[in-house]
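Worksheet: one structure, shown below.
In our numbering, the protein residues as written are 12 to 400.
Given below as structure tokens:
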């Protein structure tokens, strides 16, 4: 009940309630010259929403800072904080970022619904054949499994889905995260604390002394962490992690660039899963359509008579965007004998990719995106915005 609360508390709470109801992943509160701009990121896109008057900006910033446990008096340097909200029968972890701009502090709040639960492998949007490949690889006793893609492409969701699949009392599963996003029963989750000197590299060394079977490292950002992860995978552990690369074979180049010897990488890397997120056609206003000739040509679609192209007309349910919700598009590279041989021979990433496509062992991101558009799950236009053609 907001009735007896101070106006600023009511305003901040109402922004959170609206964002949670609309399924926003982020809230942006930005001071402008004469007003405040409030935007929600929904299904990967920013949408402007009605905002309070400019006179409320400083109280709003102070309120969010108090919630975030950061210094209210500091306005000239960036600050980061976090807190937990209990609203709308949900528990939401909020990561707050404050950065000074010419009109005041820009506030970005990342919302993480911890009550949403963890996806199963079958719900990610991976085709059946690749799902079976993943299931067979993750049961191998040791080796490294990588999830790759840009920020916000759903890498963590996929890694959590794999952990969930492997979670059982007879395995010691440990994670090293920055921060811990979802809490999982029976898994020991460790949060980084760089201020106290615990980095991915030092944390990973310590975890290796905890008799782990499976280790999840939130992200491999540097050569030191990469070397320890490869060593762990070599010495009988299953290691899962994420890296920022454009496609699955890019992960191989990234590790070699970080100084990992090709012969070591070839003997430890089991699989790379590259992914992106695309918006799905709104089920409430979907209709059949023929994409523009230019789009069809770009995608090289020839036999499109059999295609089921769908788009959303736009309605209240989808904020008139024609899209509601998102699904993943995937590229699963299994490090079989062909790939291992090419890694040892230091073949370029594009060559590894080409050989695997020729051998029929790799469905590219482009292929998967195109297939999901042909089936009417997303549109070719949306698929084009997610992958480089």
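C-beta: ideal position from N, C-alpha, C; glycine also. Computed from a predicted model, the values in this text were never measured in an experiment.
Which residues bound the beta strand (DSSP E) around residue i?
{"i": "residue 39", "result": "37-42"}
{"i": "residue 185", "result": "184-188"}
{"i": "residue 373", "result": "From DSSP, residue 373 is part of no beta strand (DSSP E); its letter is neither H nor E."}
{"i": "residue 158", "result": "154-159"}
{"i": "residue 121", "result": "115-124"}
{"i": "residue 334", "result": "334-345"}
{"i": "residue 199", "result": "199-202"}
Please list, in chain order, all residues of the same chain as residue i whose beta carbon is under 7 angstroms from its beta carbon, the five residues on each side excluded.
{"i": "residue 144", "result": "343, 345"}
{"i": "residue 191", "result": "200, 202"}
{"i": "residue 172", "result": "129, 130, 131, 132, 135"}
{"i": "residue 164", "result": "286, 287, 288"}
{"i": "residue 23", "result": "71, 74, 75"}
{"i": "residue 244", "result": "153, 154, 155, 250, 279"}
{"i": "residue 266", "result": "237, 276"}
{"i": "residue 176", "result": "132, 149"}
{"i": "residue 185", "result": "199, 201, 218, 221, 223, 226"}
{"i": "residue 32", "result": "99"}
{"i": "residue 1", "result": "Because the chain here runs from 12 to 400, residue 1 falls outside it and cannot be looked at."}
{"i": "residue 262", "result": "157, 159, 254, 256, 283"}
{"i": "residue 347", "result": "372"}
{"i": "residue 209", "result": "203"}
{"i": "residue 29", "result": "60"}
Kindly list the residues whose CB is nearer than 8 angstroms to the CB of residue i, restricted to its own chain and excluding five residues on each side of it in sequence; keep chain order.
{"i": "residue 418", "result": "The requested residue 418 does not occur in the structure, where the chain is confined to residues 12 to 400."}
{"i": "residue 115", "result": "42, 68, 69, 72, 86"}
{"i": "residue 248", "result": "153, 219, 223, 224, 225, 226"}
Can you say whether residue i is buried or exposed, counting buried as having 16 or more other CB atoms within 10 angstroms of its CB?
{"i": "residue 17", "result": "exposed"}
{"i": "residue 52", "result": "buried"}
{"i": "residue 386", "result": "exposed"}
{"i": "residue 309", "result": "exposed"}
{"i": "residue 98", "result": "exposed"}
{"i": "residue 88", "result": "exposed"}
{"i": "residue 229", "result": "buried"}
{"i": "residue 290", "result": "buried"}
{"i": "residue 292", "result": "buried"}
{"i": "residue 339", "result": "buried"}
{"i": "residue 390", "result": "buried"}
{"i": "residue 100", "result": "exposed"}
{"i": "residue 418", "result": "A question about residue 418 goes unanswered here, because the residues of the chain that appear run from 12 up to 400."}
{"i": "residue 80", "result": "exposed"}
What residue range does the alpha helix (DSSP H) around residue i cover?
{"i": "residue 105", "result": "Segment 101-112 is the beta strand (DSSP E) holding residue 105; no alpha helix (DSSP H) there."}
{"i": "residue 32", "result": "18-32"}
{"i": "residue 136", "result": "Note, residue 136: premise wrong, no alpha helix (DSSP H); not H, not E."}
{"i": "residue 227", "result": "Unbroken run through residue 227 is the beta strand (DSSP E), 225-228; no alpha helix (DSSP H)."}
{"i": "residue 350", "result": "348-355"}
{"i": "residue 175", "result": "166-177"}
{"i": "residue 214", "result": "211-218"}
{"i": "residue 241", "result": "234-245"}
{"i": "residue 205", "result": "First-last for residue 205: undefined, no H or E at that position."}
{"i": "residue 394", "result": "391-397"}
Counting only the same chain and skipping the five closest in sequence on each side, list residues whose C-beta sits under 6 angstroms from that of residue i.
{"i": "residue 269", "result": "234, 237"}
{"i": "residue 300", "result": "320, 322"}
{"i": "residue 95", "result": "104"}
{"i": "residue 93", "result": "106"}
{"i": "residue 382", "result": "none"}
{"i": "residue 189", "result": "203, 229"}
{"i": "residue 264", "result": "360"}
Can you tell me whether residue i sits near the ligand NAD, meaning its C-beta is under 6 angstroms from at least one heavy atom of the ligand?
{"i": "residue 354", "result": "Judged by which ligands are present, the structure shown has none, so any question about the ligand NAD falls away."}
Please confirm if the segment 123-139 is in contact with the segment 53-67, defined as three or more CB-CB distances below 8 angstroms between the two stretches.
-> no
Would you be able to state if there are at least three C-beta pairs under 8 angstroms between the segment 291-303 and the segment 319-334?
-> yes
Do the segment 369-380 and the segment 314-323 meet, that is, are 3 or more Cβ pairs less than 8 angstroms apart?
-> no
For the segment 147-160 against the segment 31-47, are there 3 or more C-beta pairs whose distance is under 8 angstroms?
-> no
Which residue spans inside the segment 251-330 form an unbroken beta strand (DSSP E) run of at least 3?
-> 280-292, 297-299, 321-323
Touch test, the segment 166-185 against the segment 247-267, Cβ-Cβ under 8 angstroms, three pairs minimum = yes
Run through the segment 37-90 for me and flag every whole alpha helix (DSSP H) of 4 or more residues, listed as ranges in chain order.
-> 68-79
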